[in-house]
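Here is the structure we will look at.
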Amino acid sequence: MKAWVVQEDLSLQQVELAEPQPGAGQVRVKIQAAAVNKRDYWISVGKYPGIKPGVALGSDGAGVVDMLGEGVSKDWLRKSVVINPNINWGPNPAVQSEDYQILGMPAHGTFAEYVVVDEDRLHLKPDFLLAEEAAALPLSGLTAFRACFFHGQIAEEKKVLVTGFGGGVAHYAFMFARAAGASVSVTSGKPANLEKARQMGATHAFDYREADWITQASMHCSGFDVIVDSAGGKQFNELIRLLKPAGRLVFYGATNGLPDKLDLYRLFWKQITIQGSTMGNDTEFAEMLAFVTDKQIHPLIRRQYPFEQTDLAIKQLSDTSAPGKVVIVF
Ligand SMILES: NC(=O)c1ccc[n+]([C@@H]2O[C@H](COP(=O)([O-])OP(=O)(O)OC[C@H]3O[C@@H](n4cnc5c(N)ncnc54)[C@H](OP(=O)(O)O)[C@@H]3O)[C@@H](O)[C@H]2O)c1
29 MKAWVVQEDL
39 SLQQVELAEP
49 QPGAGQVRVK
59 IQAAAVNKRD
69 YWISVGKYPG
79 IKPGVALGSD
89 GAGVVDMLGE
99 GVSKDWLRKS
109 VVINPNINWG
119 PNPAVQSEDY
129 QILGMPAHGT
139 FAEYVVVDED
149 RLHLKPDFLL
159 AEEAAALPLS
169 GLTAFRACFF
179 HGQIAEEKKV
189 LVTGFGGGVA
199 HYAFMFARAA
209 GASVSVTSGK
219 PANLEKARQM
229 GATHAFDYRE
239 ADWITQASMH
249 CSGFDVIVDS
259 AGGKQFNELI
269 RLLKPAGRLV
279 FYGATNGLPD
289 KLDLYRLFWK
299 QITIQGSTMG
309 NDTEFAEMLA
319 FVTDKQIHPL
329 IRRQYPFEQT
339 DLAIKQLSDT
349 SAPGKVVIVF
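Positions 29 to 358 (my numbering) are the ones given, in order, by the sequence shown.
Here's what the structure looks like:
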């Protein structure tokens, strides 16, 4: 089968691999669509822990079950599925175990014609989604879901700010928080993303490239209950300023690096919670799919690439001039 595999020099090459066979308790999925995550990009530039050459990348995939290992329910055969990319989350819903892995390094992932996963990683593809929409959900949707609900406790009438609306995860955080009945504002550095967010019901949309956006946000919004961020960097302290007393700042990434300092005075006086978040547990994955189905949420697809251009799709991931996910179609 064809697969995009990490080489010794960390470049990603399309190579021929033997077709995988499912073992006991496993299934084989013929991939119809996959999606690119920042993780694939970080691996491709050598900035990810535990990189293992020889592995097919790809954490997100949707397709059709075409082979069953011993002991697997026959009901799965020929079913359209979406794959939970968690491996070994472990027993504690609050944090992943030490054995935790994400599909697509070290185990072979979805940038391949076939992938073998344990039966319990399968979920039926929601009928209302196309394969490429379903493939866009797993890693980013799960990350947004946990950040919004487990940690952010976002609910009706909460005032929420989602930074960097154009991002693969952030656009889900925006849609999930809105679907939960919150009033959601966004930031973005791209005019097209700001416009799209307004069209989709953002209460306010601020351009984080403007020097006074924090002042504008303070003036218009009079404090947020929850901020969901993945940019980090210098603006982190400004986000603390924008929170209401007892507000929560949930972050799942640090694309712009570390803040120079942390405003501890403001943090303790306003009784602010700063909460890190990563992916989500298996129960949350099922809940995320149910939520998306209940609210009929369609992922935004920023751009689609054919499987042959997977390397290009990863290289161009940072071009967030339109919001949403980058998807690979087979
Ligand atoms: N912990 C986890 O489990 C987990 C899971 C997924 C991702 N992540 C991490 O989260 C980050 C985002 O991932 P992604 O997949 O959403 O990436 P992405 O699709 O490449 O999006 C990058 C985002 O950065 C935003 N951004 C850049 N500079 C910003 C600034 N100064 N202020 C606010 N936003 C800014 C962009 O916003 P605009 O384009 O709108 O300007 C865009 O939303 C990455 O660092 C990734 O490694 C972590």
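Just so it is clear, CB atoms sit at the ideal spot from N, CA and C, and this is done for glycine as well.
Is the beta carbon of residue j closer than 8 Å to that of residue i?
i	j	result
Arg269	Ile242	yes
Asn112	Asp310	yes
Met29	Lys80	no
His179	Val320	no
Gly53	Gly86	no
Asp235	Ser258	no
Val144	Arg67	no
Asp240	Lys262	no
Trp104	Glu147	yes
Gly251	Leu222	no
Gly260	Thr231	no
Ala31	Val43	yes
Ile59	Phe313	no
Pro166	Asp94	no
Ser108	Val92	yes
Val100	Val190	no
Ile356	Ser72	no
Glu160	Gln337	no
If I measure Cβ to Cβ from residue i and keep anything under 6 Å in the same chain, skipping five residues before and after, which residues do I get?
i	result
Thr171	Val197, Tyr280 and Met307
Ile302	Leu277
Gly352	His199, Leu328, Ile329 and Arg330
Leu345	Val64, Tyr69 and Val354
Lys323	Ala207
Asp25	No answer is possible for residue 25: it lies beyond the span of the chain, which begins at 29 and ends at 358.
Which residue or residues does DSSP assign as beta-bridge partners of residue i?
i	result
Gly304	Phe279
Val100	Per DSSP, none; premise fails for Val100.
Gln129	Ile115
Arg331	Val354
Ile255	Leu189 and Leu277
Ile59	Gly91
Lys30	Glu44
Val383	In the structure displayed, the chain extends from 29 to 358; residue 383 sits before or after that span and is not available.
Taking Cβ positions only, does residue i come closer than 8 Å to chain B?
i	result
Lys323	In summary, chain B is missing from the structure at hand, where a single protein chain is found.
For residue i, which three-state DSSP category applies?
i	result
Glu312	helix
Gln35	coil
Glu160	helix
Ser72	helix
Asp362	The first residue shown for the chain is 29 and the last is 358, placing residue 362 beyond what the model contains.
Ser213	strand
Gln244	helix
Gln263	helix
Leu105	coil
Ala207	helix
Ala198	helix
Ala341	helix
Ala140	strand
Ala233	strand
Ala175	helix
Lys272	strand
Val83	coil
Gln181	coil
Val64	strand
Gln54	strand
Val25	The first residue shown for the chain is 29 and the last is 358, placing residue 25 beyond what the model contains.
Looking only at its chain, what residues have a beta carbon closer than 7 Å to the beta carbon of residue i, apart from the 5 residues adjacent to it on each side?
i	result
Ile182	Cys176, Val188, Ala205, Ala208, Ala210 and Val254
Arg149	Ile111 and Asn112
Pro273	Lys298 and Gln299
Gly97	Pro50, Gly51, Ala52, Gly53, Gln54 and Val55
Ala318	none
Cys249	Lys187, Ser213 and His232
Asp291	Asn265 and Ile268
Kindly give me the distance between the Cβ atoms of residue i and residue j, rounded to whole angstroms, as I take these residues to be in contact under 8 Å.
i	j	result
Ala84	Phe139	6 Å
Val33	Leu45	7 Å
Ala135	Ile115	6 Å
Lys218	Gly195	The Cβ separation is near 11 Å, so there is no contact.
Ile325	Met203	5 Å
Apart from the five residues just before and just after residue i, which ones in its own chain have a Cβ nearer than 8 Å to its Cβ?
i	result
Asp37	none
Ser125	Asn116, Trp117, Gly118 and Pro119
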